[in-house]
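Just so you know, we're using this note's numbering here: the sequence shown kicks off at 313 and counts up by one. Notes follow once the structure below has been shown.
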Amino acid sequence: MDFALTEEQSAIFEMARDFGAEHIAPHARTWEAEGTIPKALWPKLAELGFGGLYVSEERGGTGLSRLDATLVFEALSQSCASVAAFLSIHNMCARMIDAYGTDALKDRMLPKALSMETILSYCLTEPGSGSDAAALKTKAARDNSGYLLTGTKAFISGGGYSDAYIVMARTSDDGPKGISAIVVEDGAAGLSFGGLEDKMGWRSQPTRQVQMDSCPAPAENLLGEEGQGFKYAMAGLDGGRLNIAACSIGAAQSALDQTVAYMAERRAFGKSIDQFQGLQFRLADMEIALQSARTFLRQAAWKLDTGAPDATKFCAMAKKLCTETGSNVADQCLQLHGGYGYLADYGVEKIVRDLRVHQILEGTNEIMRLITARHMIQ
Numbered sequence: 313m314d315f316a317l318t319e320e321q322s323a324i325f326e327m328a329r330d331f332g333a334e335h336i337a338p339h340a341r342t343w344e345a346e347g348t349i350p351k352a353l354w355p356k357l358a359e360l361g362f363g364g365l366y367v368s369e370e371r372g373g374t375g376l377s378r379l380d381a382t383l384v385f386e387a388l389s390q391s392c393a394s395v396a397a398f399l400s401i402h403n404m405c406a407r408m409i410d411a412y413g414t415d416a417l418k419d420r421m422l423p424k425a426l427s428m429e430t431i432l433s434y435c436l437t438e439p440g441s442g443s444d445a446a447a448l449k450t451k452a453a454r455d456n457s458g459y460l461l462t463g464t465k466a467f468i469s470g471g472g473y474s475d476a477y478i479v480m481a482r483t484s485d486d487g488p489k490g491i492s493a494i495v496v497e498d499g500a501a502g503l504s505f506g507g508l509e510d511k512m513g514w515r516s517q518p519t520r521q522v523q524m525d526s527c528p529a530p531a532e533n534l535l536g537e538e539g540q541g542f543k544y545a546m547a548g549l550d551g552g553r554l555n556i557a558a559c560s561i562g563a564a565q566s567a568l569d570q571t572v573a574y575m576a577e578r579r580a581f582g583k584s585i586d587q588f589q590g591l592q593f594r595l596a597d598m599e600i601a602l603q604s605a606r607t608f609l610r611q612a613a614w615k616l617d618t619g620a621p622d623a624t625k626f627c628a629m630a631k632k633l634c635t636e637t638g639s640n641v642a643d644q645c646l647q648l649h650g651g652y653g654y655l656a657d658y659g660v661e662k663i664v665r666d667l668r669v670h671q672i673l674e675g676t677n678e679i680m681r682l683i684t685a686r687h688m689i690q
């Protein structure tokens with residue numbers, strides 16, 4: 313059993329980390345204040361192959377493993393978890409098109425998705441269905457050329473910003489088996505958006521409701537088969553949970569690194585505060601927690617890559633463990649900065665705010681516990 317990253321994996325991590333340090337970190341607070349991420353950033357990431365991390369190489373993607381992809385998101389999150397998480401959503405959508413789309417849809421959409429001229433968003437959650445995702449009510453009625461979609465999606469990252477949306481919609485009333493995945497393209501008739509949500513964190517990501525009123529989508533925009541959308545959505549969430557876990561680890565690591573440096577400089581009672589044993593214990597506890605969570609995350613990613621039968625359980629456990637660990641570490645880092653940690657200039661309070669939502673999205677941590685328990689008692 314070898315826990316070391318390969319040379320290639322280390323290079324992937326370093327490339328993403330260095331890109332973030334140069335192109336994201338210096339602007340993260342400005343983008344947060346403006347409530348948007350400049351679209352000019354995405355083609356630069358695409359030049360590194362980050363627009364299609366696990367799109368097949370035959371289709372022009374990077375074809376990375378899920379483990380490799382977690383390295384990218386962990387590294388980028390050291391600069392800004394909000395930007396990294398948005399990239400994760402785009403990659404999940406690109407992979408769904410590659411895996412389930414018609415050849416015509418792949419030919420038309422994937423090239424620009426991979427170059428990130430086209431930004432993709434994911435529409436599952438509705439105002440009345442969050443954890444109970446199968447209760448969604450958005451309908452897709454058949455017409456002569458494809459589908460007419462009617463309904464509202466909530467909390468959509470990239471709503472009104474992205475160029476296409478993978479929408480989970482009901483093509484029949486047969487519970488989860490009545491849900492299909494359909495691509496709706498920006499500019500379609502009947503497609504509109506709610507107001508910009510005023511959020512605690514992830515403020516650089518524009519988040520709005522996506523509203524559809526007899527919104528047309530051609531038949532070729534159906535992903536896979538009718539009635540299989542919920543299965544595709546759940547399969548996509550395994551990887552999404554790994555990515556959001558990686559984002560928590562990366563951002564928390566950044567907070568811890570900043571805290572160690574701050575404590576070496578900050579003096580109290582005649583010495584730097586990193587010389588107080590009680591505070592050293594707190595640093596040690598955070599390091600142990602982060603290293604443990606990171607190792608578990610990579611094991612879960614390995615299980616998903618190898619098709620292990622308990623991969624879904626491990627992805628759920630990793631998501632729960634890493635997001636809670638990340639938030640706890642970030643909160644402790646803020647505390648160790650004292651009053652300065654509460655100031656935006658030091659960057660730690662942004663990490664605390666950004667990471668809080670990780671325990672809610674991609675399936676709440678309560679649902680992660682439910683998935684874990686169900687696998688235990690089958």
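Cβ coordinates follow ideal geometry from the N, Cα and C atoms, glycine included.
Check                                                                                                                                                                     : Outcome
How about T430 and A476: do their beta carbons lie closer than 9 Å?                                                                                                       : yes
Would the beta-carbon of L417 fall within 9 Å of that of L357?                                                                                                            : no
Per DSSP, what kind of secondary structure is M598 in: helix, strand or coil?                                                                                             : helix
Let's test the definition: count the other Cβ atoms within 10 Å of the Cβ of T342 and tell me whether it reaches 16, buried, or not, exposed.                             : exposed
Please state whether DSSP places K631 in a helix, a strand or coil.                                                                                                       : helix
Run through DSSP, which three-state label would D525 get?                                                                                                                 : strand
Under the rule that 16 or more other beta-carbon atoms within 10 Å means buried, what is M688, buried or exposed?                                                         : exposed
Using the C-alpha atoms, what's the distance from G372 back to L426?                                                                                                      : 7 Å
9 Å is my cut-off, CB to CB: does R665 come that close to chain D?                                                                                                        : Checking the listed chains, one finds no chain D in this structure; it contains a single protein chain.
Under a Cβ-count criterion, where at least 16 other Cβ atoms within 10 Å of its own Cβ denotes burial, should Y459 be classed as buried or exposed?                       : buried
Per DSSP, what kind of secondary structure is E674 in: helix, strand or coil?                                                                                             : coil
Return the CA-CA distance between Q390 and G653, expressed in angstroms with no decimal places.                                                                           : 17 Å
Can you tell which of L616, T684, A337 and T571 has the C-alpha that lies nearest to the C-alpha of A547?                                                                 : L616
Please specify which runs of the beta strand (DSSP E), each continuous and at least 3 residues long, are wholly inside the region 492 to 558, giving them in chain order. : 503 to 505 and 519 to 530
By the three-class DSSP mapping on this structure, what secondary structure does I349 have?                                                                               : coil
Which same chain residues end up closer than 6 Å to I556 when comparing Cβ atoms and leaving out the 5 residues on each side of it in sequence?                           : H670 and E674
Among G650, Q644, C645 and R610, whose alpha-carbon lies nearest the alpha-carbon of K631?                                                                                : R610
Which same chain residues end up closer than 7 Å to P439 when comparing Cβ atoms and leaving out the 5 residues on each side of it in sequence?                           : T464 and A466
Can you tell which of L383, E369 and S433 has the C-alpha that lies nearest to the C-alpha of S322?                                                                       : L383
On the three-state DSSP scale, how would you describe F581?                                                                                                               : coil
Please tell me whether I491 and G536 are closer than 9 Å, where the distance is taken between their beta carbons.                                                         : no
For R420, does the count of other Cβ atoms within 10 angstroms reach 16, so buried, or fall short, so exposed?                                                            : buried
Is the CB-CB distance between S484 and A531 below 9 Å?                                                                                                                    : no
By DSSP's criteria, L616 is part of a beta bridge. Which residues make up the other side?                                                                                 : For L616, which the question treats as bridged, DSSP gives no partner whatsoever.
Ordered along the chain, which non-local residues of its own chain (more than five positions away) have a Cβ less than 7 Å from that of D525?                             : T462 and G502
Where in the region 398 to 433 do unbroken runs of the beta strand (DSSP E), each at least 3 residues long, occur, reported from the N-terminal end onward?               : none
Check V479 in the structure and name its three-state DSSP category.                                                                                                       : strand
Cβ of T637 within 9 Å of Cβ of A605?                                                                                                                                      : yes
Pop quiz: C627 and R578 are said to be a contact at Cβ under 8 Å. What is the actual Cβ separation, rounded to whole angstroms?                                           : Not a contact, Cβ separation roughly 39 Å.
Tell me, to the nearest whole angstrom, how far the beta carbon of G471 is from that of V522; I am working on the premise that it is less than 8 Å.                       : 5 Å
Taking 9 Å as the threshold (C-beta atoms), are I679 and S516 in contact?                                                                                                 : no
Less than 9 Å between the beta carbons of Y658 and Y574, yes or no?                                                                                                       : yes
Go to Q467, then tell me how far its beta strand (DSSP E) extends in each direction, as first and last residue.                                                           : Correcting the residue type first, residue 467 is Phe in the shown sequence and not Gln. First-last of the beta strand (DSSP E) with F467: G458 to S469.
For the alpha helix (DSSP H) containing K489, list its first residue and its last residue.                                                                                : Here K489 belongs to no alpha helix (DSSP H), and DSSP marks it neither H nor E.
State the Cα-Cα distance for the pair K511 and A612, rounded to the nearest angstrom.                                                                                     : 30 Å
Would you call D293 buried or exposed, if buried means 16 or more other Cβ atoms sit within 10 Å of its Cβ?                                                               : The displayed coordinates of the chain run from 313 to 690. Any statement about residue 293 would go beyond what the structure contains.
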